[in-house]
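Structure first, commentary second.
Numbering (our numbering), first residue to last: 16 to 345.
In structure tokens form, the structure reads like this:
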């Protein structure tokens, strides 16, 4: 048995969530519905404007949310990332470990500024992110733990790493280590804007293909230059042995290597969609590494994400994932 079900790599960001109006975003020049990279001065400016309006903070970043979900369901996960020795970095490390995730962050950390992601949630449950990467922009092969990658069932690569040269190189190297050791590779596209701007970078990471791809419908169509989910699905089969395309409130379209499976999710009143895709991936990976079919994995992932969007924050309460699992499979 492998030591870890999932070994994730990605940007370590402390998520700071704010409830705002669309008018607030427009007034302050924040582009709604996208993840935008900003410099430290711009983020400090926005933090001052939002002073007193903070909802919560938690260790995050896309892949971090996913591996935390794997752990919450009862799986074994590892996360390679980079934070500094500041207070924010200390908070990140403590929160990650408290969630049961193993990490490379033990020991001395470099001086610098730990990355932060401001998550703006509007009344329509949309989430807009302004991110200052800080020290995570220098995430590199130095943060990889080859022996732990080899001792995992899946390597999970966060698509946001494509935005930086050292992060992209780390993703490519991690994939090489995994493939050589017979470890399956999974990739998430992460964000529609990222897919559009960095398609060639994604092609470099994907190389000869991945075992499992996660994306939403907009990302799928953007990457494949198609106008429908059906067309995108056919094109994705050329680069991914299996995949899961999330369809928002409609559920998901999954390809298990042989057939396409449509999973319908229950209708809910969404308050906050932040982290829904990350949780979907975590629940899905937990399920397929614990004996479940792709159809069952998608049902668990959809139910978990549907529950998450009814509350604020990118993470379910600690024992909630196991309760959801029991309600479906007990």
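Backbone N, C-alpha and C fix where the C-beta goes; we use that ideal spot for every residue, glycine too.
Starting from residue i, follow its DSSP beta bridges and name the residues at the other end.
{"i": "residue 170", "result": "22 and 200"}
{"i": "residue 275", "result": "270"}
{"i": "residue 136", "result": "34 and 142"}
{"i": "residue 301", "result": "Per DSSP, none; premise fails for residue 301."}
{"i": "residue 73", "result": "30"}
{"i": "residue 117", "result": "93"}
{"i": "residue 211", "result": "DSSP lists no partner for residue 211."}
{"i": "residue 149", "result": "129"}
Taking the straight line between their C-alpha atoms, what separation do you get for residue i and residue j?
{"i": "residue 226", "j": "residue 42", "result": "43 Å"}
{"i": "residue 180", "j": "residue 103", "result": "24 Å"}
{"i": "residue 173", "j": "residue 77", "result": "7 Å"}
{"i": "residue 272", "j": "residue 62", "result": "46 Å"}
{"i": "residue 125", "j": "residue 113", "result": "22 Å"}
{"i": "residue 119", "j": "residue 90", "result": "18 Å"}
{"i": "residue 250", "j": "residue 221", "result": "14 Å"}
{"i": "residue 309", "j": "residue 34", "result": "35 Å"}
{"i": "residue 246", "j": "residue 336", "result": "33 Å"}
{"i": "residue 218", "j": "residue 254", "result": "9 Å"}
{"i": "residue 342", "j": "residue 99", "result": "40 Å"}
{"i": "residue 280", "j": "residue 127", "result": "43 Å"}
{"i": "residue 208", "j": "residue 156", "result": "25 Å"}
{"i": "residue 115", "j": "residue 334", "result": "12 Å"}
{"i": "residue 285", "j": "residue 122", "result": "40 Å"}
{"i": "residue 67", "j": "residue 130", "result": "20 Å"}
{"i": "residue 261", "j": "residue 242", "result": "16 Å"}
{"i": "residue 263", "j": "residue 326", "result": "16 Å"}
{"i": "residue 324", "j": "residue 339", "result": "14 Å"}
{"i": "residue 332", "j": "residue 274", "result": "34 Å"}
{"i": "residue 214", "j": "residue 269", "result": "22 Å"}
{"i": "residue 232", "j": "residue 240", "result": "12 Å"}
Using a Cβ-Cβ cut-off of 7 Å (strictly less than) and excluding sequence neighbours within five positions of residue i, which residues of its own chain qualify?
{"i": "residue 72", "result": "29, 30 and 31"}
{"i": "residue 54", "result": "147"}
{"i": "residue 97", "result": "27, 150, 151, 153, 154 and 158"}
{"i": "residue 45", "result": "135, 143 and 145"}
{"i": "residue 186", "result": "24, 172, 176 and 220"}
{"i": "residue 224", "result": "254, 255 and 256"}
{"i": "residue 37", "result": "47 and 137"}
{"i": "residue 320", "result": "291, 294 and 295"}
Ordered along the chain, which non-local residues of its own chain (more than five positions away) have a Cβ less than 6 Å from that of residue i?
{"i": "residue 316", "result": "295, 298 and 299"}
{"i": "residue 206", "result": "50"}
{"i": "residue 303", "result": "312"}
{"i": "residue 87", "result": "336"}
{"i": "residue 192", "result": "161 and 164"}
{"i": "residue 190", "result": "200"}
{"i": "residue 237", "result": "207, 210 and 211"}
{"i": "residue 108", "result": "120"}
Compute the beta-carbon to beta-carbon distance between residue i and residue j, rounded to the nearest angstrom, for a pair I have assumed lies under 8 Å.
{"i": "residue 49", "j": "residue 203", "result": "Actually they are not in contact, since the Cβ atoms of residue 49 and residue 203 sit about 16 Å apart, beyond 8 Å."}
{"i": "residue 288", "j": "residue 79", "result": "So it is not a contact: roughly 17 Å between Cβ atoms."}
Locate the beta strand (DSSP E) running through residue i, then write down its first and last residues.
{"i": "residue 112", "result": "Residue 112 -> not in any beta strand (DSSP E); alpha helix (DSSP H) instead, spanning 102-113."}
{"i": "residue 340", "result": "Where residue 340 is concerned, there is no enclosing beta strand (DSSP E), although the alpha helix (DSSP H) it sits in stretches over 335-344."}
{"i": "residue 255", "result": "255-261"}
{"i": "residue 95", "result": "92-95"}
{"i": "residue 289", "result": "Looking at the DSSP string, residue 289 is not in any beta strand (DSSP E), and its letter there is neither H nor E."}
{"i": "residue 52", "result": "50-52"}
{"i": "residue 226", "result": "225-231"}
Residue range of the alpha helix (DSSP H) that residue i falls in?
{"i": "residue 321", "result": "309-323"}
{"i": "residue 16", "result": "Careful: residue 16 lies outside any alpha helix (DSSP H) and carries neither H nor E."}
{"i": "residue 187", "result": "180-195"}
{"i": "residue 176", "result": "Counting along the chain, residue 176 falls outside any alpha helix (DSSP H), and DSSP gives it neither H nor E."}
{"i": "residue 219", "result": "214-221"}
{"i": "residue 244", "result": "244-251"}
{"i": "residue 124", "result": "Looking at the DSSP string, residue 124 is not in any alpha helix (DSSP H), and its letter there is neither H nor E."}
{"i": "residue 63", "result": "55-64"}
{"i": "residue 165", "result": "161-165"}
Ordered along the chain, which non-local residues of its own chain (more than five positions away) have a Cβ less than 8 Å from that of residue i?
{"i": "residue 168", "result": "17, 19, 20, 21, 198, 199 and 304"}
{"i": "residue 267", "result": "259, 260, 261, 277, 278, 280, 295, 313, 316 and 317"}
{"i": "residue 40", "result": "46, 47, 135, 137 and 143"}
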